[in-house]
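Just so we're aligned, residue 1208 is where the sequence shown starts under our numbering, counting upward by one. Working notes, structure below.
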Amino acid sequence: MIQIAKKLLLALLLGTSLNAATQLSQSEIKQIEELELFKRVPITVNKAYDLKDFYLLKVIIQGNPDEVYLTKDKKNLIAGDVINTKTGTKLEAPADVSTLEGKEILTYGSGKDEYFLFTDPECPYCKKFESYFPQIEKNVKIRVFYYPLDFHVNAKDMSIYVMSKKTNAEKIKTMLNITLNDEGYKNRNYSKEQLEELEASLEAQIAIAQELDVRGTPAVFDKQGNKVSWPNMLTKYNVKQ
């Protein structure tokens, strides 16, 4: 087991990346599912990636989604997090973002690098990240989704207020400037039909976030579905923090 752990860490140190990972075919996945442990538990493999030194598997174990690692000889299954020693981020399989385009609340930026952002207007870290947006506007195109966290009591009302704006430009301005003390969302005046529509739209946004297993905000994904650390993203564009 120590030797296996060394191989995993070596792979990370050598720059193993999910961007370069090869997704296994259904026939290859079926072969993995024929392993004795997978049949006995049972373990269903939804997706699998070849990371050269090992496989990363997105699985369902007794009804619960998880990610595990399988050695290339298929003799050892490794559970638990694998952490990149350079970035400090957990190694994860890409999320499926292929159907997200067009479902965003607003789009920010005119650049070529596309990202998907899940944000909460009451989250201080989200507001900190968003404060840097003008500095990266020409580098990125950020598709923004709202995911108000349950413990932020004003987040849903604030989200709905931003969403109620008619144009993309108005939504951007409101998103970047809204605060807890903003009178706009506190003194909102929607018709019953408009409020129902906005609430349904927000619930759809929340469902998308939950399907992608977003657990906190801000959560950023690149166009390949890889999670992106927002401080590292800003560093990429030479933004001083």
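Think of the CB as a built atom: it goes at the ideal place given N, C-alpha and C, for glycine as much as any other residue.
Item, Value
"Count the other CB atoms, across all protein chains shown, that sit within 10 Å of the CB of E1274; report buried if there are 16 or more and exposed otherwise.", "buried"
"Can you tell me whether D1327 is buried or exposed, with buried defined as 16 or more other CB within 10 angstroms of its CB?", "buried"
"For T1386, which option in K1399, N1253, A1416 and K1363 has the closest C-alpha, if you only look at C-alpha atoms?", "K1363"
"What distance in whole Å lies between the Cβ atoms of P1272 and Y1332, which are believed to be in contact at a cut-off of 8 Å?", "The Cβ separation is near 25 Å, so there is no contact."
"Cβ of Y1353 within 8 Å of Cβ of V1421?", "no"
"According to the Cβ coordinates, are L1313 and N1375 closer than 8 Å?", "yes"
"Buried or exposed, going by whether 16 or more other CB atoms sit within 10 Å of the CB of G1316?", "buried"
"If I follow the unbroken alpha helix (DSSP H) through V1369, where does it start and stop?", "A1362 to M1370"
"Give the single residue among K1447, Q1448 and K1434 whose Cα lies nearest to the Cα of A1302.", "K1434"
"Just verifying my parser: in three-state terms, what is the DSSP assignment at I1268?", "strand"
"Compare the C-alpha of E1337 against each of E1311, M1370 and L1383 and name the closest.", "L1383"
"Do Q1451 and P1438 have their CB atoms nearer than 8 Å?", "In the structure as shown, the chain starts at 1208 and stops at 1448, and residue 1451 therefore has no counterpart that could be examined."
"Alpha carbon to alpha carbon, what distance is there between F1245 and E1329?", "43 Å"
"Going by C-alpha to C-alpha distance, which of Q1269, P1249 and F1261 sits closest to I1285?", "F1261"
"From K1372, Q1233 and F1340, pick the residue whose C-alpha is nearest to that of Y1444; which is it?", "F1340"
"For R1350, count the other beta carbons within 10 Å of its own beta carbon; 16 or more makes it buried, fewer makes it exposed. Which is it?", "buried"
"When burial is assigned at 16 or more other CB atoms within 10 Å of the CB, is K1265 buried or exposed?", "buried"
"Hey, could you find the ends of the beta strand (DSSP E) T1462 is sitting in?", "Outside the shown range of the chain, which is 1208 to 1448, sits residue 1462, and nothing can be said about it."
"Cα separation between Y1368 and N1394?", "10 Å"
"Does Q1412 pass the burial test, meaning 16 or more other C-beta atoms within 10 Å, or should it be called exposed?", "buried"
"Around the C-beta of V1347, are 16 or more other C-beta atoms found within 10 angstroms, so that it is buried, or is it exposed?", "buried"
"In whole angstroms, give me the CA-to-CA distance for L1324 and S1366.", "14 Å"
"If you draw a straight line from the C-alpha of K1319 to the C-alpha of L1441, how long is it?", "15 Å"
"Considering only residues of the segment 1306-1353, which uninterrupted beta strand (DSSP E) runs meet the minimum length of 3 residues and lie entirely inside it, listed in chain order?", "1313-1315, 1320-1326 and 1347-1353"
"For A1416, count neighbouring Cβ atoms within 10 angstroms of its own Cβ and tell me buried if that reaches 16, exposed if not.", "buried"
"Please confirm whether any heavy atom of the ligand GTP lies closer than 7 Å to the CB of L1307.", "Absence of the ligand GTP from the depicted structure is noted, as is the absence of any ligand whatsoever, leaving it without description."
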